[in-house]
Structure formats: C-alpha cells, structure tokens
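Chemist:
Protein chains: 2
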Amino acid sequence: MTAPAGVGVSLGDFSVDDLETSRREFRQQLFDAGFLVPTGVDGLYLRDERFEQIARAIDAVVSRSCAGEVGRTYHFPLVMARSVLEATDYVRSFPQLAGIVNSFDGGDREHRRLLGAIDKDGDWPQLMAPTDLGLCSAACHPLYPPQQGRLPARGRVVEVYGQVFRHEPSVDPARMQVFRQHEVVYLGDADGARHHRDRWVERGLEIHHRLRLDIEAEIANDPFFGRTGEVLAAGQRAEVLKVELVCPICSFDEPTAITSANCHLDHFGAAFGIETSDGDVAHSACVGFGIERIALALLHTHGLEPSRWPAAVRDSLAW
Amino acid sequence: MTAPAGVGVSLGDFSVDDLETSRREFRQQLFDAGFLVPTGVDGLYLRDERFEQIARAIDAVVSRSCAGEVGRTYHFPLVMARSVLEATDYVRSFPQLAGIVNSFDGGDREHRRLLGAIDKDGDWPQLMAPTDLGLCSAACHPLYPPQQGRLPARGRVVEVYGQVFRHEPSVDPARMQVFRQHEVVYLGDADGARHHRDRWVERGLEIHHRLRLDIEAEIANDPFFGRTGEVLAAGQRAEVLKVELVCPICSFDEPTAITSANCHLDHFGAAFGIETSDGDVAHSACVGFGIERIALALLHTHGLEPSRWPAAVRDSLAW
Numbered sequence: 000m001t002a003p004a005g006v007g008v009s010l011g012d013f014s015v016d017d018l019e020t021s022r023r024e025f026r027q028q029l030f031d032a033g034f035l036v037p038t039g040v041d042g043l044y045l046r047d048e049r050f051e052q053i054a055r056a057i058d059a060v061v062s063r064s065c066a067g068e069v070g071r072t073y074h075f076p077l078v079m080a081r082s083v084l085e086a087t088d089y090v091r092s093f094p095q096l097a098g099i100v101n102s103f104d105g106g107d108r109e110h111r112r113l114l115g116a117i118d119k120d121g122d123w124p125q126l127m128a129p130t131d132l133g134l135c136s137a138a139c140h141p142l143y144p145p146q147q148g149r150l151p152a153r154g155r156v157v158e159v160y161g162q163v164f165r166h167e168p169s170v171d172p173a174r175m176q177v178f179r180q181h182e183v184v185y186l187g188d189a190d191g192a193r194h195h196r197d198r199w200v201e202r203g204l205e206i207h208h209r210l211r212l213d214i215e216a217e218i219a220n221d222p223f224f225g226r227t228g229e230v231l232a233a234g235q236r237a238e239v240l241k242v243e244l245v246c247p248i249c250s251f252d253e254p255t256a257i258t259s260a261n262c263h264l265d266h267f268g269a270a271f272g273i274e275t276s277d278g279d280v281a282h283s284a285c286v287g288f289g290i291e292r293i294a295l296a297l298l299h300t301h302g303l304e305p306s307r308w309p310a311a312v313r314d315s316l317a318w
Numbered sequence: 000m001t002a003p004a005g006v007g008v009s010l011g012d013f014s015v016d017d018l019e020t021s022r023r024e025f026r027q028q029l030f031d032a033g034f035l036v037p038t039g040v041d042g043l044y045l046r047d048e049r050f051e052q053i054a055r056a057i058d059a060v061v062s063r064s065c066a067g068e069v070g071r072t073y074h075f076p077l078v079m080a081r082s083v084l085e086a087t088d089y090v091r092s093f094p095q096l097a098g099i100v101n102s103f104d105g106g107d108r109e110h111r112r113l114l115g116a117i118d119k120d121g122d123w124p125q126l127m128a129p130t131d132l133g134l135c136s137a138a139c140h141p142l143y144p145p146q147q148g149r150l151p152a153r154g155r156v157v158e159v160y161g162q163v164f165r166h167e168p169s170v171d172p173a174r175m176q177v178f179r180q181h182e183v184v185y186l187g188d189a190d191g192a193r194h195h196r197d198r199w200v201e202r203g204l205e206i207h208h209r210l211r212l213d214i215e216a217e218i219a220n221d222p223f224f225g226r227t228g229e230v231l232a233a234g235q236r237a238e239v240l241k242v243e244l245v246c247p248i249c250s251f252d253e254p255t256a257i258t259s260a261n262c263h264l265d266h267f268g269a270a271f272g273i274e275t276s277d278g279d280v281a282h283s284a285c286v287g288f289g290i291e292r293i294a295l296a297l298l299h300t301h302g303l304e305p306s307r308w309p310a311a312v313r314d315s316l317a318w
C-alpha cells in the first residue's frame, strides 16, 4: 500500500501517515532503549544482548514445541547456492525481494579500474561480477536440494533455524531486510502436508496465546511480482495455501504477520526430485516463526523492560 | 598457494596434493557423520544441531573470558551497509573476498526480460542491480560507524557476535565462505590498543590450551590483493600488527589460523571519526575467535564423538 507524500489513505480510523509515524516512533524507542542500533540503512540493525536473549527464548519455545516429532535439526547460513533461487522459482516470483552476491573476479588491470571508480564517483559495484551464491529467500529453501530421492513411508519432519534476506527497506522495525525464521518442515504426501499445516496453525496460536500476544489467523498471499503475480496471489488465497498469524505491533488496523504456515503442494517436490515412499512427487508444508517479529511483538505488547513482563509470559519463555 | 594440476609443491615432508586429499577426507568425514551437509558449493554448508552445540559452547567460553571487562555485547547480521566496505578500505584491499548484494529494481518490462533470461540461458544475474548492501567483511566492521564521536577516558571494550563472508570457495572445511567471528574490540589510545592485543594473544593461547588444542602464536598478514598488496602485507608483518593463533587441522605442516588478534592503528578511528577523550584520532584493536574453525579443530583433534572428548575439554566447554 502506497500513498502520495502527505496524503493519508484511510484504514478505518487510521491513516497511512499515522501508521508511518507509529512505526518510526516504535523504532526510535527501540533505538533509545538500545535493543536495536541503527546502521544508516532502513531494515538493517545491530542487536544488543537483551534483544538476543528474547530471540533465544523464543527459539527455545519453538524447539520445545516440536521436540517430540522432528527427525533432524539444521542451522542454515544466510547465503545459499544461487541455483536454489532459480529452482524454487523465487527469482521469477519475487525478483524485487531476492538478493544475489557479486564479487570481484578481475586481475591487476581490473583492480586499477576498480580503485579508480572508488576514487572518482563511487560507482564501483558495477565492476563486481555475479558469483554462484545468493541470499536465502526462505528458511526452508536450502533444505530441499539434499532431500532429493525417496522419503521414508511416514514422510519426514525437519526443524530449521534459518536466516532470510528480503530487499525491502522500511522504517517499520518489524520489516527487517535480514531476519531469522525458525521453521518446522514436513515432506511427504498431500494429506500429511495439509495436516502438518493445519496442526501448526493451531499450535502456533496456542504458543502465541501463552506469550499473551493478541494473535489471529488469517488467509494470506505472498507478494508475487507484477501483473502475473496478481493472478498467482489470487490463486494462493483461493486455495487457502498460506495462513498467517497476525498480531498488532504498530497498529490494530494493520496487524503484522509474525508466524506463517504454508502448504507448498508439490512445488518443491517437483523442483528438487523428492518422492514419497510410493514414488509420487512429494508434497511439503512448513510453519515459520518470525523470531525478530515475535520479539518485537513482545516488546510492543508487554513493554521495553522484559524483567517486568507478566509472570505468565516469563514462565512461557522459561525465564 | 596454487600448484598446476597433479603437481605437488613440497611443504617439508608434505605436498599440496597430500594437503588437498587430507582436507577432502576430513570434509567427507564431517559429511558422513552429519555435522555438515553439502550444498553443492565449496565452503558453504548446512550445519546440524550437534555442530551448533559445539559452536554455542565455544561462544560461551569466549563470553565468560571477557565478561568482566566488556561494556556492551552486540550481535550483527551478515549483511551491512555497503558504504562500510568502502570506508574500511576492504573493497580496495580484498576485492576478491568482498561481497555486495544485487537485487532487481525494474518494472514489468524488465521483469519479462528477466524471465526470458532465466528460460534461455540462465544468465539473469547480470539483470540484477547493486543495492546499498554488502556482506560483512570482518565481525567488527559494522561496529565502527555508530562509535563516531568521542570515547570515554578509559576507552571502550565491546563484545561482538559477528558473521563474516569471504568469497573463497575451497574444499578445506576450515575455509568456509560464511562463518562466525566472536570478537572483543578495544577503542581508545595507541597504548591501550597494543595492550589489548597482546593481552588477548596470551588469553587466547590459554583458552585453546584448556581445550587441549595444539596451538601456537604466529606473526601474520592479511591476503591483500595484487602487487600493491604485497607491499601492504610486508608492512603489516614488519610492524607486527597481526598475530594468528594456529592449530593443525588437516596438516601439521600448514596449520590453520583459528583465532587472530590485530592492531588496526588509527585506521578505523580516522575512517569513522572516532576520537579519544583527548581529541586524538582513536586507535583500535580486536581479537577474533573463529567459531567454526575452533569447532573443526576440536572435532579433528578429539574425534567425531564429542561425548567421548577428554574430560578436561568437556569441563572447559562447561559440558
């Protein structure tokens, strides 16, 4: 949603100007309290130890909630093979959010040109060449290539601590360009995938209720690019593939998705050659907890002094 | 060090071929045991929960060792403002290791061209444009911009949990393209910086001795690019600015730097406008513990079953 400068678009009793002001104010409060440190780039922040304590506690809540049923737990770096951006179709559907890594591959002569560009007008990035690396587009994406082949009869459930990049600079502290997603991913048949997704919508609601967050489940769609994207988004909503758990952070009129649960149908199974034990193309589903967003929802809801959060919340965080 | 294919360069009794074989073998052992999962890109791996347990234990050792003296503790994302790559001179000196982030900034028309390039020959990365983001070049680099201004009289000591990117694909599992550096950084006057560095060389040796690693301190230099770089590297060695703590991982003849302690002189103070309480340009120094490398040194030295590591090592890790 965009509005011309100075023109508020009505959102019920709220305006876009109010929303922007409310987001800037909350971000400034986080800066003043030291939880986040500005870097000069919107959506990119240094975090202090207290913010990380909250993040670690949320991660532990998620891990405990899936401990009985996951086979393996993996931790992913922010960088992945660039080929995953193609195979998942991410760069087709969300090129505006995707990131690839460029570096320098020249010799002494090109190096002199690079130094010249740095000195002259700072326009050196055009002299860097694409590498085979991209930035992780969703926590579960790097998981799929090693799953190639046949799954066990009951499918597979995997826990993923991932880091995600989205190129979407914003003053909204809840819209970071780099953030953590803690996922529980199912690979198996279609029924198993739908069941996993539905069960984790319920379980996600329970978890956030225990954290005393004002949470609701909503049917949602991804921000597919362009005109073709509108069709894809409408299809995603019509099939109820994506459910977001939303919570007011800076406005009750436009709550923020802090967790989402998604059915991928056989999209990743087909792209990465993953099969059920019967030899069908595997389906998959995941729930992704947005660690930074949940931390911000807690700070916004319960205040900037975690030692004074309600006892029930601190209990749920095992503090 | 490079050698033509099939030609071993003698390193004492060891050859480059032997070294490469030894590195591939250790990496395969790590894959087979599940600590690391291959991604198809050398130097880029998924990590399992047991590897992370080791990493967390090492992080905790470092945190305990500096707990009494650090002012603040920060956690940094892998992405930083691209301007930091310029201000630190990193992209001048190490362009071959640096990474910048490109994304898509076109409209529907350019999107069609992008889709065409993906379908045709996969040469779509050239259609992505530079953003204002770069990948973190050293854990402490994002720390300096917010330090602009005058320091307290005793200087400032900061603990940093950082993530670093280096574009240097390698079969050596200890040479990852994305890794964690846990740093303790000093900002203040020249004497304080030298003292910090020297004290952390000693303390670093102690820490690694307690982990029963075969550690030694060596004067070192950074891999500055090109012919000018050779001069910079020689100067760095002559002034004894960089000391590396090295440990054999895949070869006794060419041990791996797993921790390093560095004097930066007034390089960052001048670049980022940081002053001592007397108004002089600030000096800085840091120690950086390479978390993945220390974990690999432990696995190589004590075996791939951490529950059977020597009691003294497990005690030091507070296990």
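In order, the protein sequence lines correspond to chains A and B.
Under numbering that gives the first Met the number 0, the first residue of the first sequence carries the number 0, and numbering increases by one thereafter.
Under numbering that gives the first Met the number 0, the first residue of the second sequence carries the number 0, and numbering increases by one thereafter.
The beta-carbon is built from N, C-alpha and C at its ideal position, and this holds for glycine as well.
These numbers come from a predicted model, not from an experiment.
1) Quick check: is any heavy atom of the ligand SAM less than 7 Å from the C-beta of V239(A)?
2) Measuring CB to CB, does C121(A) end up less than 8 Å from V100(A)?
3) Report the rounded CA-to-CA distance for D41(A) versus F224(B), giving the unit in angstroms.
4) Given S169(A), which residues of its chain have a CB within under 6 Å of its CB, disregarding the five upstream and five downstream residues?
5) Quick one: which residues of the region 43-73 of chain A get their C-beta closer than 7 Å to a C-beta of chain B? List them in chain order.
6) Give me the chain B residues within the contact set of Q95(A), using Cβ-Cβ distance strictly less than 8 Å, ordered along the chain.
7) How long is the line joining the alpha carbons of G70(A) and W318(B), rounded to whole angstroms?
8) Any idea if P222(B) is buried or exposed, counting beta-carbon neighbours within 10 angstroms, 16 or more meaning buried?
9) Which runs of the alpha helix (DSSP H) at least 4 residues long sit entirely within the region 175-209 of chain A? Give them in chain order.
10) I'd like to know if A85(A) contacts chain B, where contact means its C-beta is closer than 8 Å to some C-beta of that chain.
11) So what does Q162(B) bridge to, in DSSP terms?
12) From S283(B), V90(B), A66(B) and M175(B), pick the residue whose C-alpha is nearest to that of L186(B); which is it?
13) Assuming P141(A) and F75(A) make a contact with CB atoms under 8 Å, what is their CB distance in whole Å?
14) Say whether chain A places a C-beta atom closer than 8 Å to the C-beta of L113(B).
15) What residues are listed by DSSP as bridge partners for E274(A)?
16) Taking all protein chains shown into account, decide if V8(B) is buried (16 or more other Cβ within 10 angstroms of its Cβ) or exposed.
17) For D131(B), go through chain A and note every residue whose CB falls closer than 7 Å to its CB, in chain order.
18) Under 6 Å Cβ to Cβ from F103(A), same chain only, skipping five residues before and after it: list those, please.
19) Any C-beta of chain B sitting closer than 8 Å to the C-beta of D171(A)?
20) Under the three-state reduction of DSSP, which class applies to F103(A): helix, strand or coil?
21) Does DSSP put P254(B) in a helix, in a strand, or in coil?
22) Looking at the secondary structure, which residues open and close the beta strand (DSSP E) in which A232(B) lies?
23) Buried or exposed: which applies to T20(A), given that a residue is buried once 16 or more other Cβ atoms fall within 10 Å of its Cβ?
24) Given V239(A), which residues of its chain have a CB within under 7 Å of its CB, disregarding the five upstream and five downstream residues?
25) Would you mind reading off the limits of the alpha helix (DSSP H) that contains E19(B)?
26) Suppose you measure from the CA of E48(B) to the CA of D17(A); what does that come to, to the nearest Å?
27) Under 8 Å, do A32(A) and A270(A) count as touching if we go by C-beta distance?
28) Along the chain, which unbroken stretches of the alpha helix (DSSP H) at least 4 residues long are found entirely within the region 97-142 of chain B?
29) DSSP state of D47(A), grouped into three classes?
30) Below 8 Å on the Cβ atoms is my contact criterion, and I expect A152(B) with S276(B) to pass it. Report the Cβ-Cβ distance as a whole number of Å.
31) Out of N220(B), L114(B), E68(B) and G228(B), which has the shortest C-alpha to C-alpha gap to R155(B)?
32) Give the interface partners of D265(B) over in chain A, defined as CB-CB distance under 7 Å, in chain order.
33) Pull up the DSSP beta-bridge partners for G70(B), would you.
34) Would DSSP call F93(A) helix, strand or coil?
35) Just by C-beta distance, which residues in the region 273-304 of chain A are closer than 8 Å to chain B?
Modeler: Let me spell this out:
1) Among the ligands in the structure shown, none appear at all, so the ligand SAM cannot be discussed.
2) Contrary to the premise, residue 121(A) reads as Gly rather than Cys in this sequence. It is not a contact, given that the beta carbons lie outside the stated cut-off.
3) 32 Å
4) D41 and G42
5) L43, L45, R46, D47, E48, E51, R71, T72 and Y73
6) S102, F103 and D104
7) 24 Å
8) exposed
9) 189-209
10) It is Glu, not Ala, that sits at residue 85(A) in the sequence shown. Yes, contact with chain B.
11) R179(B)
12) S283(B)
13) 5 Å
14) yes
15) R149(A) and V280(A)
16) The predicted model places V8(B) with a pLDDT of 39, which falls under 50 and marks its position as unreliable, so this point remains unresolved.
17) V40
18) M127
19) no
20) coil
21) coil
22) Per DSSP, A232(B) belongs to no beta strand (DSSP E); it is in the alpha helix (DSSP H), G225 to A237.
23) exposed
24) I218
25) V15 to A32
26) 44 Å
27) no
28) 107-119
29) strand
30) 4 Å
31) E68(B)
32) Under the 7 Å cutoff, chain A gives no residues; its nearest Cβ is about 21 Å from D265(B).
33) Bridge partners of G70(B): none, in fact.
34) coil
35) none
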